[in-house]
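Asks:
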DNA sequence: GTAGGGTTAG
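In the UniProt record's numbering, the protein residues as written are 1 to 732.
Listed below in structure tokens is the structure:
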């Protein structure tokens with residue numbers, strides 16, 4: 001059964017046809033022309049007797065190599081069958097090529113079967129199996145094979161073995177195994193080889209030991225582009241984009257060949273750091289070295305510009321891209337969505353479909369948040385149906401985005417149904433659902449879900465805690481919130497971040513425990529940021545505490561906020577206490593710093609249209625009807641006890657104050673919603689700021705006198721108004 | 001016949 005590869009069998013007399021086929025096959029294989037090679041192969045096999053004039057082993061192996069490169073399992077199997085009829089499958093060369101083919105076609109089990117039938121296995125065969133397991137995610141098996149090749153066959157691993165098994169160590173996050181391989185490589189002198197040392201430093205990076213990797217890198221006698229790239233990438237992936245970029249610049253400076261991979265890593269780092277100028281320099285460089293024809297590089301360039309908040313520059317690159325891949329579209333859509341350009345994201349998504357580019361889960365995960373932001377229930381339902389038609393609705397990423405979207409469209413019930421029907425749930429899926437409940441004020445349900453999550457063995461992360469803490473805050477669950485905050489570090493070893501501290505201040509502050517909130521801030525192990533003092537300031541407004549408000553505001557102003565909201569908050573707190581001089585002082589300071597208060601707007605969502613209202617806006621087509629309806633509405637709610645809350649307005653007479661209040665954007669939006677919808681229809685409003693006290697109060701009464709349910713999404717959370725009450729329990 | 005770095009995600 002054993003067949004030797006050499007000497008080459010000579011063609012039988014008159015077998016010119018067979019050798020012609022053979023020559024054709026060799027030529028096709030050399031051109032990487034698999035169909036051509038296969039055609040010649042089949043012709044040759046049928047025209048010549050299998051025994052004598054059959055193709056020589058080398059043609060088999062080169063054909064198998066081609067199949068492996070193209071993951072063409074069907075052709076690979078044909079070749080396997082031909083080898084079998086000739087009794088060649090036990091040959092070391094053929095079997096190794098076969099095992100390799102199966103491994104590259106994602107059939108490690110078949111690779112193993114071929115391997116097991118080999119009567120004698122040499123080091124190359126072992127190596128092929130190790131590499132096969134490693135590349136198919138079977139890290140444990142790959143490492144085990146390295147042990148067995150030594151124990152079973154007495155084969156010493158060589159450099160190929162090491163380079164093959166190292167990615168498996170990374171996969172398994174096996175730092176210990178990596179150290180072992182490293183030690184072995186040093187003992188055998190393999191670390192002199194650039195590819196071995198590069199693979200070692202790469203695995204150290206992937207196991208989080210970047211500094212060890214750097215030591216290996218520094219000691220390498222010879223480095224090439226791949227070594228530099230692995231090290232740069234290592235820094236970038238371990239959150240050290242600064243060092244990644246520095247190393248990239250050194251690479252350029254030392255004249256090392258910059259490749260597409262180096263550029264990809266550099267762009268990634270620039271994006272992470274938001275370094276637009278550096279990013280543009282990399283852009284120039286990549287054009288100079290002709291990498292602007294490389295789509296992957298251009299896609300990374302789009303992402304870099306988006307991360308630097310320059311969707312305009314990204315769009316320019318995108319538009320000028322001659323060959324766009326699906327990833328180009330995905331990167332651009334995501335960039336728009338993450339820069340608040342939800343409409344553009346949705347428009348691009350439509351264009352993508354017009355141009356017949358098939359979306360994938362990445363596309364949906366990018367466009368669904370944009371639709372969540374737009375909050376149009378009709379479009380929400382449409383994208384859900386679309387995800388189902390594309391068979392992507394059970395993809396965890398997509399599903400999680402859908403849950404989040406439904407919650408943001410005010411449909412927590414649908415979100416929960418999706419959550420329940422999920423075949424697979426990641427931590428983030430739980431987070432989205434918990435956050436959904438919290439934002440709607442269902443703090444108790446959020447807490448129950450959190451408990452269920454823990455009891456089913458899921459490990460919460462920082463975001464889970466943020467969601468559950470914020471849920472507690474919005475529902476006034478102070479004790480639970482305190483408990484979870486300490487559990488974070490004690491039970492899960494998670495270090496609270498600025499946002500967690502801010503949420504606890506919010507929790508305590510809303511509940512009126514201002515002193516406790518203040519001393520909590522004083523004891524923080526990290527320097528409190530604007531968000532923390534901002535939460536404190538909000539609580540001071542709610543509970544009318546001027547003294548602590550001033551303290552908090554002063555800290556905020558020292559930190560240099562970019563928005564005028566904090567000045568406005570402080571001015572309102574002074575106004576409430578009738579401290580008019582202070583009001584004027586804060587206003588002047590705000591103007592001096594050139595800070596502005598963003599104008600408030602509300603949108604009302606009708607069946608398939610969205611209408612935006614600004615405070616006092618009169619440019620709507622039906623403005624007259626709207627103001628008339630609103631006036632009537634105010635009379636109706638006054639009859640059930642509405643008293644305008646003019647606290648937040650000053651400098652003008654009382655009747656003007658009431659007038660100003662009555663033209664708040666949310667009231668206009670509600671009035672329009674009432675005009676345009678049938679009795680009993682739920683009205684859905686979205687507001688860009690926090691809803692004001694007076695509008696909150698008025699909306700409660702409007703829900704009472706009209707018998708309508710009103711769902712209002714403000715910047716903080718959702719309010720469900722029904723029968724004169726709000727789901728937030730007046731606690732927001 | 002086996003082999004190092006690699007674009008988009010909640």
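Glycine residues also receive a C-beta, built at the ideal position from the N, C-alpha and C atoms.
Here the structure is a predicted model, which is why all the values come from computation and not from measurement.
#1: Express the C-alpha separation of residue 203 and residue 142 in angstroms, rounding to a whole number.
#2: If you compare alpha carbons, which of 436, 65, 694 and 252 is closest to residue 95?
#3: Relative to the C-alpha of residue 333, which residue among 370, 321 and 304 is closest?
#4: How is residue 484 classed by DSSP in three states: helix, strand or coil?
#5: Among 130, 135 and 98, which one has its Cα closest to the Cα of residue 117?
#6: Please classify residue 733 as buried or exposed, where buried requires at least 16 neighbouring CB atoms within 10 angstroms.
#7: By DSSP, does residue 519 sit in helix, in strand, or in coil?
#8: Ignoring anything shorter than 4 residues, give me the alpha helix (DSSP H) runs that lie fully in the stretch 82-111, in order along the chain.
#9: Going along the chain, which residues of its own chain have a beta-carbon closer than 6 Å to the beta-carbon of residue 50, five neighbours each way excluded?
#10: What is the rounded straight-line gap between the Cα of residue 198 and the Cα of residue 33?
#11: Take the Cβ of residue 400 as the centre, count every other Cβ of all protein chains shown within 10 Å, and call the residue buried at 16 or more, exposed below.
#12: Closest by CA to residue 442, which one among 416, 190 and 661?
#13: Go ahead and pull the three-state DSSP assignment for residue 587.
#14: Skipping 5 residues on each side, what residues in its chain have a beta carbon closer than 6 Å to that of residue 234?
#15: Which residues does DSSP list as the beta-bridge partners of residue 601?
#16: Give every residue of the same chain whose Cβ lies closer than 6 Å to the Cβ of residue 728, excluding the five residues on either side of it in the sequence, and list them in chain order.
#17: Taking the alpha-carbon positions, what's the residue 105 to residue 397 distance?
#18: In chain order, what residues of the same chain lie with their CB nearer than 6 Å to the CB of residue 139, ignoring the 5 residues before and after it?
#19: Using a Cβ-Cβ cutoff of less than 6 Å, which residues in the same chain neighbour residue 696 once the five nearest sequence positions on both sides are dropped?
#20: Taking residue 733 as the reference, which of 499, 725 and 523 has the closest Cα?
#21: Note down, in chain order, each residue of its chain lying with its Cβ closer than 7 Å to the Cβ of residue 193, except the 5 sequence neighbours on either side.
#22: List the endpoints of the continuous alpha helix (DSSP H) containing residue 713.
#23: In the DSSP assignment, find the alpha helix (DSSP H) that holds residue 696 and state where it starts and stops.
#24: In the structure shown, what three-state DSSP assignment does residue 442 receive?
#25: Starting from the C-beta of residue 424, find all residues in its chain whose C-beta is less than 6 Å away, skip the five residues before and the five after it, and write them out in chain order.
#26: Indicate whether residue 583 and residue 684 have their beta-carbon atoms separated by less than 8 Å.
#27: Taking Cβ positions, are residue 629 and residue 675 nearer each other than 8 Å?
#28: Measure the C-alpha to C-alpha separation of residue 546 and residue 573 and round it to an integer number of angstroms.
#29: Can you give the Cα-Cα distance for residue 522 and residue 541, rounded to whole angstroms?
#30: Give the list of continuous alpha helix (DSSP H) stretches no shorter than 4 residues that lie fully inside the stretch 519-593.
#31: Would a C-beta distance cut-off of 8 Å place residue 602 and residue 666 closer than the cut-off?
#32: Just reading off the beta strand (DSSP E) that residue 638 is part of, what are its end residues?
#33: Between which two residues does the alpha helix (DSSP H) holding residue 675 run?
#34: What is the residue span of the beta strand (DSSP E) that residue 249 lies within?
#35: Can you check whether the CB of residue 701 is closer than 8 Å to the CB of residue 637?
#36: Measuring only the C-alpha atoms, how far is residue 130 from residue 184?
Replies: In this structure, then:
#1: Cα to Cα, the separation comes out at about 15 Å.
#2: Scanning 436, 65, 694 and 252 for the CA closest to the CA of residue 95 turns up 65.
#3: If we check each option's Cα against that of residue 333, 370 comes out closest.
#4: Residue 484 sits in a helix when the DSSP states are folded into three classes.
#5: Comparing alpha-carbon positions, the option among 130, 135 and 98 lying closest to residue 117 turns out to be 98.
#6: Because the chain spans 1 through 732 in this model, residue 733 falls outside it and cannot be assessed.
#7: Helix.
#8: Assignment of alpha helix (DSSP H) within the stretch 82-111, counting only whole runs of 4 or more residues, yields 92-104 in chain order.
#9: In this prediction, residue 50 has a pLDDT of 49, which is less than 50 and means its spatial position is unreliable; what the coordinates show is noted afterwards. The answer, listed in chain order, is 85 and 86.
#10: If you take the alpha carbons of residue 198 and residue 33, they lie about 33 Å apart.
#11: Counting Cβ neighbours within 10 Å, residue 400 comes out buried, since at least 16 surround it.
#12: For residue 442, the nearest C-alpha among the options comes from 416.
#13: Residue state, collapsed to three classes: helix.
#14: Only 205, 210 and 213 meet the Cβ criterion.
#15: Paired residue(s): 614.
#16: For residue 728, where only same-chain residues beyond five positions count, the Cβ hits under 6 Å are 441 and 719.
#17: If you take the alpha carbons of residue 105 and residue 397, they lie about 26 Å apart.
#18: Within the same chain, residue 139 has close Cβ partners 168, 171 and 172.
#19: Once the five neighbours on either side are set aside, residue 696 has no close Cβ partner at all.
#20: Since the first residue shown for the chain is 1 and the last is 732, residue 733 is missing from the structure and cannot be characterised.
#21: Scanning its chain for C-beta atoms nearer than 7 Å, with the 5 sequence neighbours on each side dropped, one finds around residue 193 the residues 159, in chain order.
#22: It is not in any alpha helix (DSSP H) - residue 713 instead sits in the beta strand (DSSP E) that spans 710-713.
#23: Residue 696 -> alpha helix (DSSP H) spans 693-706.
#24: Coil, per DSSP.
#25: The beta carbon of residue 424 sits closer than 6 Å to the beta carbons of 396 from its chain, once the five residues preceding and following it are set aside; these are given in chain order.
#26: In this structure, residue 684 does not lie closer than 8 Å to residue 583 by Cβ.
#27: Residue 629 places its beta carbon less than 8 Å from that of residue 675.
#28: CA-to-CA, the gap between residue 546 and residue 573 works out to about 7 Å.
#29: Approximately 20 Å, taken between the alpha carbons.
#30: The stretch 519-593 contains these whole alpha helix (DSSP H) runs: 530-542, 546-558, 565-576 and 580-592.
#31: Against a cut-off of 8 Å, the Cβ pair of residue 666 and residue 602 comes out as a contact.
#32: Note, residue 638: premise wrong, no beta strand (DSSP E); alpha helix (DSSP H) at 623-639.
#33: Residue 675 -> alpha helix (DSSP H) spans 665-676.
#34: Segment 241-253 is the alpha helix (DSSP H) holding residue 249; no beta strand (DSSP E) there.
#35: The answer is yes: Cβ separation under 8 Å.
#36: Distance between the alpha carbons of residue 130 and residue 184: 17 Å.
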